[in-house]
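Protein chains in written order, with this note's numbering: chain A, 29 to 552; chain B, -7 to 624.
Every residue gets a Cβ at the ideal spot worked out from N, C-alpha and C, and that includes glycine.
Computed from a predicted model, the values in this text were never measured in an experiment.
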């Protein structure tokens, strides 16, 4: 293994796949699918090999590849992973593979271009997680933006152009702020030491003044807060999710949102610890607002994807809440929430996609009683809904509880308010489940034995009634083998992370201790 | 035996998983065998483990693995059996086994048969882990897990909107309690640095009084939800939407007593806070009284039994609040027998009447269902506290416990509620089994249940008769001596009860129970008292009880609906209007400005030439003014 550039290999394999599809103009849709699947599987396999060789006790970067690139500017080609990025990396390769499988039949339009976008996106995402040079990081950060915007804008639903442009411009605005921050940091380090470098690990050694930290921290933070997305920078997310194709939503929720939290842990905390401490109260307040606000707004959504999107806003609040508690429980919690959200929310979007394929609607009010004719589907949807609402024994609980415990330890009030979300999340998730998988669909005749049957069809006092239409959920067939293949691994991982998070936490430990070291390593 | 403890929860878990995965296509109507086998193994191992605990008088424990290692926050999965857990193990596995057997008959032919026998063992697993846990987080995990099982089983007939609604309500209302419970757990960790019972109890006395009270009250919030105390009891009556065996097992005998168990388990925390104890006692007494008044007025047979459960849980809670720990657990144990019996008996009636639950359309069933009648009568008498059945001993001890614990008012409220208990229980008996047949005999042919349902009824009625003798003589029975090691140390106060007090309360309790019986007889058999007239005379008071003290309406009006409106407002106004409006506004502003600036690009060379000339003039002018000495 020594010397083999495994990080480069797994990052560029999808790019090679994309190139093959691109330069083989006669490739059929079928060939494009298989090439994409093959490339993503190779990348997945390489990431698993890397994970197997990852030393869980070592602190610092592993599998480092470091070559000078533009020495005059201090730019280098610098890849490496630690406990934080290694798990996100595997999450990315896994979710991309599943996303490609999930778009196998649903995507029939411009399949080659679709698969090229998916693979480019994968390279961009992987590059973000492995880059240790800010120049390289920024390139991958922007590379990732374009295929995602294309996925939404070309393969999305009705209002896709608006959503794609909004997504692109919003994120770009944040990136440009970050670029300003990068340049400022580069210059400050140069003035201090006379060395031009964009190496993150080296930049961390610098001593930056407090007011400088405050400004550059903010520049980075806004970029990450938009990506995350943090309240009140979140409004691009519901639009993007609703319009994106299923696989787009999966990668958007599963991986792209994680980049915000990753960026905070990789850049903001180690580079600007003083500013982080100063900003923490404000950020915690925004996190708590986001957690409660996201849950309340999710409660009244009529569109399944919007419900999941707003629940993401709520869940991502736990990431910032945990990180800015600066203690062991908060940091572990933030990372576990990111991983868990990557699994669970992706799975929920897959679930929405499955019934969208059958009913061509995402309106909650059109469904009902799916547990009868789609028992396997209903079991998965139930499992992921429960994981999302933080049921102990599933992955969501571990992260949320630790994150709240960390916050509770650092700032009592923040922990208490944030914890109140357990009531709201149970409410919106179970209500959704009740209307989708249980009860009767509006297109069915009422149950004569049900004393409340009269009310079932009555219009809701606030949301208005659901007109019965052609959608008859009773005709939906249960999940196919292909769909089962996409859901089952996520279910297994959700259970694993819920019952035995120890393995994940061992991988994270050295890296998180390093992050916590400027903050007194509270709780380690 | 310590190395075999893991089998107790594992056996039902395996049954649950196998039935869930293979039930629909392979096992179908054979699913019950595995479930019964799993619970039977669990029962057998429990008996062996408990026997060892009883013999050696030391707690057994088995460490399985470390669940969460987050820095100094370490949560192990360790199973511990002490005397308190031992009692719970026997109650849970014993009643579960009987309910599983009963369900084979009750659920026969249901399309969800396999699903039922997957969820029920899953519940048994969760409940056993709950009582076996050795730390608060693990307790919390299975606290929520039993809530999930309850959700799945209340919503078992999920196509019914009312069932789906009740399931969601149960989960969400319980989450309100869990919110407090979780905060209590966090507070314990933040102050004591551990969540393991032994460590917590050893250190808790050193904390400031206010902190102890806060911890105790937060933990009790969880119990208020799970054990259906005021103000969170509203979910339990709705939970009767689930199949009747579920009501018997989960919503009477075991899960709802988890809150009582948890408080008893945490007694060193509660005992260290007199304020918290007072709150527990008041809430318990209020629950016992309010639920009993509601029970007097309901017509649905299951609803009456459900409110009776709420009321009896109130008894247990005020016993805890009076420091009568053993009495609370004793009542929990006897209640498990007679309340499971009552629910299963009610189920037998409902089964016989083709799913009729309204007692106004029953009557005279004694002739048709003799076995159900006699067992139900035993259960009712036990619940009413008729000497010498199980309920008499435990309820009497609870009331005496409150009296000697310095809570005379609570004891008196308990006696009043006991009168109501006897009245509503015999009201059910007389309305259902005595008097004229008020159903259409042409369409309904009541038939006695099959043996698979009858045998559990018989076994439970034996328990309802004899379980009380475990606590005889009062305060010094087998039960008390067995539990004594758990509730000593940590500065426990022991109230010694004089024989005179015991005897006096025994007589008062008996008199009260008989008075209730007499009233019910006068009203529903002899017709000497007209219930309708009494109801009319009581007017608003009757309405208050009949409408269940308007708890649901108040919550709907004050919490649910305003919160919903707030959410709609947040979405429509704040999110779409203000936040997204600002985002689109910025984009619109850029667009607007750009549209204006675009006009500058006219494409006419003359215009550009003019602009260049003007620009040159301005630049030169500015230079001359600022940069040169021309004007100075």
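For the stretch 412 to 441 of chain A, the set of positions with a beta-carbon nearer than 8 Å to some beta-carbon of chain B reads 414, 419, 420, 421, 425, 426, 429, 430, 432, 433, 436 and 437 in chain order. Sequence-distant Cβ neighbours of residue 485 of chain B in its own chain, meaning closer than 8 Å and more than five residues away, are 263 and 315. With 16 or more other CB atoms across the displayed protein chains lying within 10 angstroms of its CB, residue 260 of chain B is buried.
Within the stretch 72 to 139 of chain A, the runs of beta strand (DSSP E) that reach at least 3 residues and sit entirely inside it are, in chain order, 90 to 98 and 103 to 109.
Within the stretch 212 to 237 of chain B, no residue has a Cβ lying closer than 9 Å to any Cβ of chain A. A straight line joining the alpha-carbon of residue 517 of chain A with that of residue 375 of chain A spans about 10 Å. Comparing alpha carbon positions, the residue from A:217, A:509 and A:179 closest to residue 268 of chain A is A:179. One finds 451, 454, 455 and 458 in chain A with Cβ atoms closer than 8 Å to the Cβ of residue 164 of chain B, taken in chain order. Within its own chain, the residues whose Cβ lies closer than 6 Å to the Cβ of residue 319 of chain A, once the five positions on either side in sequence are excluded, are 342, 345, 446 and 449, listed in chain order. Those residues of the stretch 303 to 334 of chain A placed with their C-beta closer than 8 Å to a C-beta in chain B are 321, 324, 325, 327, 328 and 329, ordered along the chain. One Cα belongs to residue 439 of chain B, the other to residue 525 of chain A, and the distance between them is close to 51 Å. It is roughly 31 Å from the alpha-carbon of residue 203 of chain A to the alpha-carbon of residue 423 of chain A.
Under DSSP, residue 53 of chain B shares a beta bridge with B:72. Excluding residues up to 5 positions away in sequence, 147 and 150 lie with their Cβ nearer than 8 Å to the Cβ of residue 156 of chain B in the same chain. Remark: C-beta atoms of residue 170 of chain B and residue 214 of chain B approach each other more closely than 8 Å. Within chain A, no C-beta atom comes less than 8 Å from the C-beta of residue 615 of chain B; the nearest is roughly 31 Å away. Counting other Cβ atoms within 10 Å of its Cβ, residue 437 of chain B stays below 16 and is therefore classed as exposed.
Taking the Cα of residue 351 of chain A as reference, the smallest distance to any Cα among A:325, A:408, A:324 and A:310 is reached at A:310. A Cβ-Cβ separation of about 6 Å places residue 153 of chain A in contact with residue 172 of chain A under the 8 Å criterion.
When the five nearest sequence neighbours on each side are left out, the beta carbons in the same chain lying within less than 6 Å of the beta carbon of residue 291 of chain A are those of 252, in order along the chain. Residue 431 of chain B sits in coil when the DSSP states are folded into three classes, being neither helix nor strand. For the stretch 65 to 91 of chain B, the beta-carbon criterion of a distance under 7 Å to any beta-carbon of chain A is satisfied by 65. By the criterion of at least three beta-carbon pairs nearer than 8 Å, the stretch 188 to 196 of chain A is not in contact with the stretch 126 to 139 of chain A.
For the stretch 496 to 516 of chain A, the set of positions with a beta-carbon nearer than 9 Å to some beta-carbon of chain B is empty. In the DSSP assignment, residue 588 of chain B falls within the unbroken alpha helix (DSSP H) covering 572 to 590. Contacts with chain A at 8 Å (Cβ-Cβ) do not include residue 180 of chain B. A Cβ of chain B is located within less than 8 Å of the beta carbon of residue 533 of chain A. The Cβ of residue 547 of chain A sits no closer than 8 Å to any Cβ of chain B. Around the beta carbon of residue 592 of chain B, a 10 Å sphere encloses fewer than 16 other beta carbons of the protein chains shown; the residue is thus reported as exposed. Each of B:309, B:270 and B:199 was checked against the Cα of residue 221 of chain B, and the nearest Cα belongs to B:309. 8 Å or more divides the Cβ of residue 34 of chain A from the Cβ of residue 89 of chain A. At least 8 Å separates the beta-carbon of residue 429 of chain A from that of residue 501 of chain A. Shortest Cα-Cα distance from residue 3 of chain B to any of B:18, B:403 and B:85 involves B:85. Taken through DSSP and simplified to helix, strand or coil, residue 431 of chain A comes out as helix.
Apart from sequence neighbours up to five positions away, the residues of its chain that approach residue 355 of chain B with a beta-carbon distance below 6 Å are 427, 428, 429 and 430, ordered along the chain. When Cβ pairs closer than 8 Å are counted between the two stretches, the stretch 88 to 105 of chain B is seen not to touch the stretch 127 to 139 of chain B, the count staying below three.
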